[in-house]
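Residue numbers (my numbering), protein chains in the order written: chain A, 197 to 487; chain B, 197 to 487.
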């Protein structure tokens with residue numbers, strides 16, 4: 197594909213820095229500018245040759261770029277787009293890495309002038325770690341990237357953005373933005389909320405002789421709570437932006453759990469075993485389809 | 197310590213077979229007899245020199261043994277003790293590997309004749325795998341083993357059993373049986389129930405274009421649901437045997453989750469971030485105390 201002249205990455209953290217490294221490796225862009233609030237972080241990224249220059253000033257950072265990639269938390273993303281529009285050159289393409297798509301895509305679409313093009317994307321990568329230090333050229337390679345075009349999406353921009361994420365090394369696929377939010381609400385947002393809630397519940401249990409029971413735990417608890425180590429600000433924003441699907445999914449989960457509780461209370465051994473066996477089967481399928 | 201002459205292991209699965217291998221390695225017992233319902237499994241264990249002989253007949257399996265270790269699911273354990281008592285020799289010591297202690301310890305204590313001694317134990321080992329194939333000589337090494345003596349526990353038997361689990365390579369510690377059930381209800385039983393419920397909830401989500409969303413998932417879901425691959429019969433029995441603590445803990449978890457849901461619904465960004473950050477801190481402590 198024809199390389200972009202200058203890409204600005206907003207948010208040089210786990211996803212942003214990994215993306216920059218992949219772009220450098222594949223020579224997808226001629227120049228990379230980093231934007232962020234933390235000058236020391238930008239300096240570090242520049243010293244490590246992850247970005248070519250960095251700025252804490254949005255106007256400076258986006259001026260002259262023909263590709264903007266928003267890797268900032270989904271809570272600030274729309275405001276940043278609104279703020280940068282006056283400084284963007286004609287033909288500039290914007291894409292993002294936000295974990296929520298429906299409301300973001302609608303709001304950003306509505307902001308777009310005629311000569312600026314936005315195509316929503318969600319690279320499914322990352323983990324409980326965050327920040328520049330955890331970034332790496334392999335993070336995005338082979339992972340899925342969901343592209344969420346709308347009726348307003350310009351065909352050529354869609355093609356350019358899809359090619360861009362594919363050249364980064366990702367498996368691109370297209371999905372409706374609202375469908376995306378329900379699917380990843382279930383696969384990712386609900387599990388994070390559950391992990392945070394479980395971690396807080398377990399840590400609050402005290403007995404006569406054990407004010408702190410965590411030191412007695414085995415491996416199972418560490419795995420199930422791993423994603424409770426994820427960045428609180430990022431997940432606060434995701435839950436608030438994807439409110440409706442997340443609340444619906446919490447309701448569904450609470451109902452499923454309440455049913456299991458009833459089976460336990462009523463000693464319904466067969467039905468309980470059947471429920472657990474069903475989960476067993478789903479987990480087997482999950483592992484199978486992901487290896 | 198003075199070795200036992202003959203140990204019978206009930207249930208030659210993950211824990212039973214691992215224990216047998218550890219005992220062989222440390223020459224803790226002169227002879228190991230396996231008991232189970234599955235003759236083929238016993239034969240395999242004998243061929244691999246994990247046990248010296250095996251029997252599907254309880255009388256045959258326990259006759260002549262001075263140590264009995266119950267590694268069968270907690271739902272059948274008390275009945276098996278009741279059934280074996282007529283065939284046990286004087287001075288015989290019984291211990292177990294059950295994940296629930298309170299009700300089991302009380303029921304087994306009440307069954308004990310004068311010359312037979314029971315000391316409850318819970319080796320904190322295992323994982324989502326089960327069965328002979330997953331067993332290994334290292335499974336128990338270095339892990340914790342909770343010993344749950346009661347007012348009825350004979351001092352010498354307590355000492356022998358504690359030494360036994362220590363010589364197997366485990367870190368032994370003493371705990372009240374009911375306290376044990378609340379602590380491990382929180383650290384282990386609740387997380388399993390949550391994992392099963394989460395797996396079933398996520399797998400039931402369908403959208404217009406995705407009848408099966410599991411193929412779209414990333415790594416986070418696999419980790420949080422890992423223990424949903426655990427044996428349904430074993431966990432059915434644990435939940436039913438430890439009913440009161442498990443139900444109480446499900447209630448506490450549901451309340452914590454409902455609070456998070458309210459914060460999301462009401463857009464309480466600061467409180468939501470604080471809740472997630474608290475979980476973050478607990479998880480950090482959990483990892484720290486377990487490495």
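Cβ atoms here follow ideal geometry from the backbone N, Cα and C, with glycine treated the same way.
Review point. When you compare only the Cα positions, how much space is there between residue 381 of chain B and residue 442 of chain A?
Key: Within the second chain, residue 381 of chain B is the residue found at index 185, counting from 1. Within the first chain, residue 442 of chain A is the residue found at index 246, counting from 1. In a straight line, the C-alpha of residue 381 of chain B is about 27 Å away from that of residue 442 of chain A.
Review point. How far does the beta strand (DSSP E) with residue 201 of chain A in it reach, from first residue to last?
Key: Reading the first chain from its first residue, position 5 is the one you call residue 201 of chain A. Secondary structure note for residue 201 of chain A: its beta strand (DSSP E) is the uninterrupted segment 200-206.
Check your understanding: Which residues share a DSSP beta bridge with residue 292 of chain A?
Key -> For the purposes of this step, residue 292 of chain A is taken as residue 96 along the first chain, with counting starting at 1. Beta-bridge pairing links residue 292 of chain A to A:266.
Exercise for review: Would you list the one or two residues that DSSP bridges to residue 340 of chain A?
Suggested key: Translated into positions along the first chain, residue 340 of chain A becomes position 144. Paired residue(s): A:367.
Review point. When the Cα of residue 371 of chain A is compared with those of A:216, A:298, A:274 and A:256, which residue comes out closest?
Key: Mapped onto the first chain, residue 371 of chain A falls at position 175. Of A:216, A:298, A:274 and A:256, the residue nearest in Cα terms is A:298.
Practice item. Going by CA-CA distance only, name the one from A:240, A:466 and A:439 that's closest to residue 463 of chain B. Key: As a working note, residue 463 of chain B is residue 267 in the second chain. Considering only alpha carbons, the answer is A:439.
Review point. Quick one: does residue 154 of chain A have its CB under 7 Å from some CB of chain B?
Key: The question about residue 154 of chain A has no answer here: the residues shown for chain A are numbered 197 through 487.
**Study point:** residue 319 of chain B, enclosing beta strand (DSSP E) - first and last residue
**Key:** Along the second chain, read from residue 1 onward, the residue named residue 319 of chain B stands at position 123. Taken as a continuous stretch (DSSP letters only), the beta strand (DSSP E) holding residue 319 of chain B covers 317-319.
Review point. How many Å lie between residue 233 of chain A and residue 377 of chain B at the Cα?
Key: Counted from its first residue, the first chain places residue 233 of chain A at position 37. Counted from its first residue, the second chain places residue 377 of chain B at position 181. If you take the alpha carbons of residue 233 of chain A and residue 377 of chain B, they lie about 49 Å apart.
Point to revise | Neighbourhood of residue 346 of chain A by C-beta, 7 Å cutoff - its chain only, sequence neighbours within 5 removed | key: Mapped onto the first chain, residue 346 of chain A falls at position 150. Correct list, in chain order: 301, 305 and 373.
**Study point:** Own chain residues within Cβ distance below 6 Å of residue 303 of chain B, not counting five before or after
**Key:** The residue you call residue 303 of chain B lines up with position 107 of the second chain. Taken in chain order, the residues that qualify are 274.
Exercise for review: Check whether the segment 305-317 of chain A touches the segment 463-482 of chain A, counting contact only when three or more Cβ pairs, one atom from each stretch, lie closer than 8 Å.
Suggested key: Not touching, per the Cβ criterion.
Review point. Would residue 476 of chain B be called buried (16 or more neighbouring beta carbons within 10 Å of its own) or exposed?
Key: Here residue 476 of chain B is taken as the residue at index 280 of the second chain, counted from 1. Its Cβ being crowded by 16 or more others within 10 Å, residue 476 of chain B is buried.
Review point. Cα-Cα, which of A:283, A:214 and A:483 is closest to residue 410 of chain B?
Key: Locating residue 410 of chain B in the second chain gives position 214, counting from the first residue. The residue with the shortest Cα to Cα distance from residue 410 of chain B is A:483.
Review point. For residue 411 of chain A, which of helix, strand or coil comes out of DSSP?
Key: Your numbering for residue 411 of chain A matches position 215 in the first chain. Secondary structure at residue 411 of chain A: helix, using DSSP grouped into helix, strand and coil.
**Study point:** Collapsed DSSP secondary structure at residue 227 of chain A in the structure displayed
**Key:** Locating residue 227 of chain A in the first chain gives position 31, where the first residue counts as 1. Correct three-state label for residue 227 of chain A: strand.
Check your understanding: Taking 7 Å as the CB-CB limit, is residue 268 of chain A close to chain B?
Key -> To locate residue 268 of chain A, count along the first chain from 1; it is residue 72. With a threshold of 7 Å between beta carbons, residue 268 of chain A makes no contact with chain B.
Check your understanding: Since residue 323 of chain B meets chain A, which of its residues come closer than 8 Å, beta carbon to beta carbon?
Key -> Position 127 of the second chain, counted from the first residue, corresponds to residue 323 of chain B. When 8 Å is used as the limit between beta carbons, residue 323 of chain B is near these residues of chain A: 415 and 416, in chain order.
Point to revise | Secondary structure of residue 261 of chain B, DSSP reduced to three states | key: Position 65 of the second chain, counted from the start, is the residue given in the question as residue 261 of chain B. Coil, per DSSP.
Point to revise | Top-ranked residue by Cα proximity to residue 363 of chain A, from A:386, A:351, A:349 and A:336 | key: One-based indexing of the first chain puts residue 363 of chain A at position 167. Checking every option, the nearest Cα to that of residue 363 of chain A belongs to A:336.
Practice item. Could you please give me the residues that DSSP links to residue 250 of chain B through a beta bridge? Key: As a first step, residue 250 of chain B must be located in the second chain, where it is residue number 54. In DSSP, residue 250 of chain B forms a bridge with B:230.
Review point. Terminal residues of the continuous alpha helix (DSSP H) containing residue 378 of chain A?
Key: Here residue 378 of chain A refers to the residue found at position 182 of the first chain. Taken as a continuous stretch (DSSP letters only), the alpha helix (DSSP H) holding residue 378 of chain A covers 373-380.
Review point. In chain order, what residues of the same chain have a beta carbon less than 7 Å from the beta carbon of residue 311 of chain B, not counting five sequence neighbours either side?
Key: Counting from one through the second chain, the residue named residue 311 of chain B turns up at place 115. Spatial neighbours of residue 311 of chain B in its own chain (CB-CB distance under 7 Å, excluding positions within 5 residues in sequence) are listed in chain order as 286 and 287.
Review point. Just how far apart, CA to CA, sit residue 339 of chain A and residue 365 of chain A?
Key: Numbered from 1 along the first chain, position 143 holds the residue referred to as residue 339 of chain A. Numbered from 1 along the first chain, position 169 holds the residue referred to as residue 365 of chain A. Spanning the alpha carbons of residue 339 of chain A and residue 365 of chain A requires a straight line of approximately 8 Å.
Check your understanding: Does the Cβ of residue 356 of chain B have 16 or more other Cβ atoms within 10 Å, making it buried, or fewer, making it exposed?
Key -> If you number the second chain from 1, residue 356 of chain B lands on position 160. Buried, because 16 or more other Cβ atoms sit within 10 Å of the Cβ of residue 356 of chain B.
**Study point:** Residue of A:294, A:226 and A:324 minimising C-alpha distance to residue 342 of chain A
**Key:** Position 146 of the first chain holds residue 342 of chain A. For residue 342 of chain A, the nearest C-alpha among the options comes from A:294.
Practice item. Compare the C-beta of residue 449 of chain A against all C-beta atoms of chain B and say whether one is closer than 7 Å. Key: Position 253 of the first chain holds residue 449 of chain A. True, the Cβ-Cβ gap to chain B drops below 7 Å.
**Study point:** Residue of A:418, A:325, A:281 and A:266 minimising C-alpha distance to residue 478 of chain B
**Key:** Sequence index remark: in the second chain, residue 478 of chain B carries index 282 (1-based). With distances taken between Cα atoms, residue 478 of chain B lies closest to A:418.
Exercise for review: Check whether the Cβ of residue 478 of chain A lies closer than 7 Å to any Cβ atom in chain B.
Suggested key: Counting from 1 along the first chain, the entry for residue 478 of chain A is found at position 282. Closer than 7 Å to some Cβ of chain B, the Cβ of residue 478 of chain A qualifies, so yes.
Review point. Does any CB atom of chain B fall closer than 7 Å to the CB of residue 282 of chain A?
Key: Indexing the first chain from 1 puts residue 282 of chain A at position 86. For residue 282 of chain A, the answer is no, since every Cβ of chain B falls outside 7 Å of its Cβ.
Review point. Rounded to whole angstroms, how far is the Cβ of residue 265 of chain A from the Cβ of residue 248 of chain A, which I believe are closer than 8 Å?
Key: Residue numbering aside, residue 265 of chain A sits at position 69 when the first chain is read from its first letter. Residue numbering aside, residue 248 of chain A sits at position 52 when the first chain is read from its first letter. Actually they do not touch by this definition, with Cβ atoms about 15 Å apart.
Point to revise | Among A:432, A:399 and A:457, nearest to residue 444 of chain B - alpha-carbon criterion | key: Counting from 1 along the second chain, the entry for residue 444 of chain B is found at position 248. Measuring from the Cα of residue 444 of chain B, the nearest candidate turns out to be A:457.
Exercise for review: Report yes or no: is there a C-beta of chain B within less than 7 Å of the C-beta of residue 296 of chain A?
Suggested key: Translated into the one-based positions of the first chain, residue 296 of chain A becomes position 100. Answer no: the Cβ-Cβ gap between residue 296 of chain A and chain B never drops below 7 Å.
Exercise for review: Measure the Cβ-Cβ separation of residue 379 of chain A and residue 403 of chain B and say whether it is below 7 Å.
Suggested key: Along the first chain, read from residue 1 onward, the residue named residue 379 of chain A stands at position 183. Along the second chain, read from residue 1 onward, the residue named residue 403 of chain B stands at position 207. By the CB criterion at 7 Å, residue 379 of chain A and residue 403 of chain B fall inside the cutoff.
Practice item. Give, in chain order, every residue of the segment 390-411 of chain B whose Cβ lies closer than 7 Å to some Cβ of chain A. Key: Listed in sequence order: 390, 391, 392, 393, 394, 395, 396, 397, 398, 399, 401, 403, 404, 405, 406, 409, 410 and 411.
Check your understanding: Given a threshold of 16 other Cβ atoms within 10 Å of its Cβ, counted over all protein chains shown, does residue 387 of chain A qualify as buried or as exposed?
Key -> Residue mapping note: residue 387 of chain A aligns to position 191 of the first chain, counting from 1. Result: buried.
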